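Each remark here refers to the structure printed beneath this line.
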């Protein structure tokens, strides 16, 4: 990841990763990223089983969905 070289110069990058995607967590950890917080996803009403977060490796922010 070329972008991590640029980030080492006193800059920060925050990435949200679904906790169930172990591969994504391991890739980011290999590049030097560290976990700093957790978030909880919730639903109201009937839960839909249509999510496939195993293919989601990162999102810009949980508020964006």
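In this note's numbering, the protein residues as written are 16 to 80.
Glycine included, every Cβ here is placed at the ideal spot set by N, Cα and C.
Because the structure is a prediction, the values reported are computed rather than measured.
Could you pull out every residue in the same chain whose Cβ sits closer than 7 Å to the Cβ of residue i, ignoring the five residues on either side in sequence?
i	result
residue 36	68, 69, 71, 72
What does a CB cutoff of less than 8 Å around residue i pick up in its chain, not counting 5 residues either side in sequence?
i	result
residue 42	72
residue 63	none
residue 34	40, 53
Comparing C-alpha positions only, which one of the options sits nearest to residue i?
i	options	result
residue 28	63, 54, 47	47
Classify residue i: buried if its beta carbon has 16 or more other beta carbons within 10 angstroms, exposed otherwise.
i	result
residue 38	exposed
Beta-carbon separation of residue i and residue j under 7 Å?
i	j	result
residue 32	residue 40	yes
7 Å is my cut-off, CB to CB: does residue i come that close to chain B?
i	result
residue 73	No chain B appears in the structure shown, which is made up of a single protein chain.
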